[in-house]
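In what follows, a structure is listed as structure tokens, so that the remarks can point back to it.
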Amino acid sequence: MDSQIAELVQSIYGGPESELLSGLQVLLDSASISEKTDDELWNETDVVLITYADQIRDDGISPLHAQRRFLIDYGLQGTLSCVHLLPFCPYTSDDGFSVVDYLAVDEASGDWVDIGELGRSFDLMFDLVLNHASQKNKWFQEYLSGNPSYANFFIDVDPNLDLSMVVRPRSLPLLTKFATSEGDKHIWTTFSDDQVDLNYANPKVMLQMIQVLVEYARRGARIIRLDAIAFLWKEIGTNCLHLPQTHAAVKLMRRVLDLVVPGTILLTETNVPHEENLSYFGEGTDEAHMVYQFSLPPLLMDAIHSGDTSILKAWLSELHPPSSKTTFFNFTASHDGIGVRPLEGLVPDERLEKLVNVVRERGGMVNTRRTAEGQDRAYELNLTYFSAVSGGEEESSEMRVRRFLATQALMLSMQGVPAVYFHSLVGSPNDYEGMRTSGQNRRINRYKYDREEIDIALSEKNGVQRRVFDGYRRLLEVRRNQKAFHPNATQEVLDLPTDGLIGLKRVSKTGSTLLAIINLSGVTKILPEGFFGGESFYDELSEERIYSGQSIEMRPYQVRWLSKE
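Given below as structure tokens:
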């Protein structure tokens, strides 16, 4: 048995847990042979597309097949390196995040053959929804029926206990009553009554989920996202968030993957304040390879609406991955809304309140969470990112497109691996009908397209969606050829005026240098002659030369990627 695995199991359970170790040894004995090294985990060509398995439907073929065909038909093979398939297993609610069977593909989306075909054109990223399962999951049904093999797979709690310290991600009850063979029980349900929390204090649960993790890697997942990982371990009398056993569990999963399917990247999803999020890097070599940049979406939104880039600049200045074996997963939008907890400690309350008001003015919704004091506070802003950063109805469509693409360009310029949500790529509007009919605020940003429908939207050359798509594709195509955008290239925040400007200097290991300058304001800015020390540059986006001593004009929402001449 690997000594690190044995030590981690000991630290989690306080003992050797022979059944868990025996099961892990079986996995170790079946290890894959890989020539990958840690130095080859990512490069400047990496861009992840976040999408649902049934995002696009077309007559006569599965949605997974339809999506692969769409991406190839629109020339995105090579522009996008990896496709993140949001949960594609059979499910009962939350658009996939209540899993019925972890090792099956939902028939409404396709099958494993379809996923394999997609994996021949793109790298793949899967979700491991490991905190909870659907109440229709076989494990929970067996638990309810009293099958001893599934005893303690879930968490039965006396409802009279004081649970006020537990961090609540949503304003919903923490416990749900279920009828079991032993009478009514109150079961821990962090996210909803259909998402029943698994009990990792039972080593059998840990083994089951690590087996699923390894199977996902063997099925072609280059990156595996650990969904809601921060809530994994429960201990009454604590906040049940980021507990030491949770971090040890991530380290255990990382170690198993490193030994069994080398080269697999582990990504933790923790929509929490920034410093808490960074804790999942561990020592830089032993926990997550990547963490989400959850503070980026609301900070960008704050900067473009306030006209003040000082807070964004200060935050960017503090971003330093702990080692070359780690990096950030940069994004501005996903299937979830825009979380605002990651602004805690970064943005004053009054600026957060202004963002909430902006969302409501643009037709969006605000989800809340219940605090320990019993108050409901803004937790998540629900609308498309295109709407979130727009200047409102009075702004021209051309300016709205430029404004949106400026925010995306900053995300693409940052140190780390960028991820683009499907609806950002194609400039989708808010889906009010989907939100209304489902009763779920998050559906406003989860619209599913028929192929003919998306083709029509992208065929209108002067239409907003086509202009967003063309502009985004242009950014991606230019980006992949810049060595300075390697995730491990150094990042320095430029000393620019903070009334709308933001700039980064990226330098690769080989010395390739690029200055990314973005005007997040609606006013033209001028950087005076010699601002960058009299050096000459080539703007990779506008394809123009900026000569030594020449002033640099930054039009409203203009982006410049300046490589050294």
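Residue numbers (the working numbering): 242 to 806.
In this text, a Cβ means the ideal position worked out from N, Cα and C, and glycines have one as well.
Taking all protein chains shown into account, M655 has 16 or more neighbouring C-beta atoms within 10 Å of its C-beta and is therefore buried. Listed in chain order, the non-local C-beta contacts of R684 below 7 Å within the same chain comprise D672, G675 and M676, local neighbours out to five positions each way being set aside.
In this structure, the CA atom of F778 is about 29 Å from the CA atom of M542.
Per DSSP, the continuous alpha helix (DSSP H) segment holding E718 begins and ends at V705 to R720. Between D590 and G633, the alpha-carbon positions lie close to 23 Å from each other. In the structure shown, the three-state DSSP call for D368 is strand.
Within the same chain, Cβ atoms closer than 8 Å to the Cβ of H546 are found at K595, L596, V599 and V630, the five residues on either side in sequence being excluded. Taking a 10 Å sphere around the C-beta of A555, we find fewer than 16 other C-beta atoms and assign the residue as exposed.
H325 is bridged by DSSP to I291 and M366. Y521 counts as buried, since no fewer than 16 other beta carbons sit within 10 angstroms of its beta carbon. From the listed residues Q308, D740 and E476, the smallest Cα separation to S405 is found for E476. Counting along the chain, Y688 sits inside no beta strand (DSSP E), nor does DSSP assign it H or E at all.
The region 503-578 is shown to contain whole alpha helix (DSSP H) runs of 4 or more residues at 515-519, 537-547 and 551-558, in chain order.
The alpha-carbon of D243 is positioned some 10 Å away from that of L249. Contact annotation: the region 249-265 touches the region 440-447, with at least three C-beta pairs closer than 8 Å. The DSSP assignment places 416-421 and 424-429 as complete runs of the beta strand (DSSP E) inside the region 379-431, in order along the chain (cut-off: 3 residues).
When rounded, the separation of the alpha-carbon atoms in N703 and R721 is 26 Å. Restricted to the region 629-668, the beta strand (DSSP E) segments that are unbroken, complete and at least 3 residues in length are 658-662, listed in chain order. For E636, same chain residues with a beta-carbon under 8 Å away, outside a window of 5 residues either side, are R644 in chain order. The alpha-carbon separation between F570 and L473 amounts to approximately 21 Å. Distance from the CA atom of L439 to the CA atom of G548, rounded to whole angstroms, is 45 Å. By the criterion of at least three beta-carbon pairs nearer than 8 Å, the region 366-384 is in contact with the region 331-340.
The DSSP-derived three-state label of W353 is helix. In the three-state reduction of the DSSP assignment, Y626 falls in the helix class. Residue environment analysis places V354 among the exposed positions, since fewer than 16 neighbouring C-beta atoms fall within 10 angstroms of its C-beta. Excluding its 5 nearest sequence neighbours in each direction, S789 has C-beta neighbours in its own chain below 6 Å: G775 and S777, listed in chain order. The Cβ atoms of L327 and A349 lie no closer than 8 Å to each other. Taking C-beta atoms as the reference points, V513 and A462 fail to come closer than 8 Å.
In this structure, DSSP gives D740 a state outside helix and strand, which the three-state scheme calls coil. V764 is classed as exposed because its beta carbon has fewer than 16 other beta carbons within 10 Å across all chains shown. In this structure, DSSP gives R796 a state outside helix and strand, which the three-state scheme calls coil. In this structure, DSSP gives R618 an extended state, which the three-state scheme calls strand. The residues R714, in chain order, have a CB closer than 8 Å to that of G316 in the same chain once the five nearest residues on each side in sequence are set aside. According to DSSP, residue pairing for H306 in a beta bridge does not occur.
Cβ-Cβ separation between L268 and V491: approximately 17 Å, too far for a contact (criterion under 8 Å). As the crow flies, the alpha-carbon of N729 is around 16 Å from that of S558.
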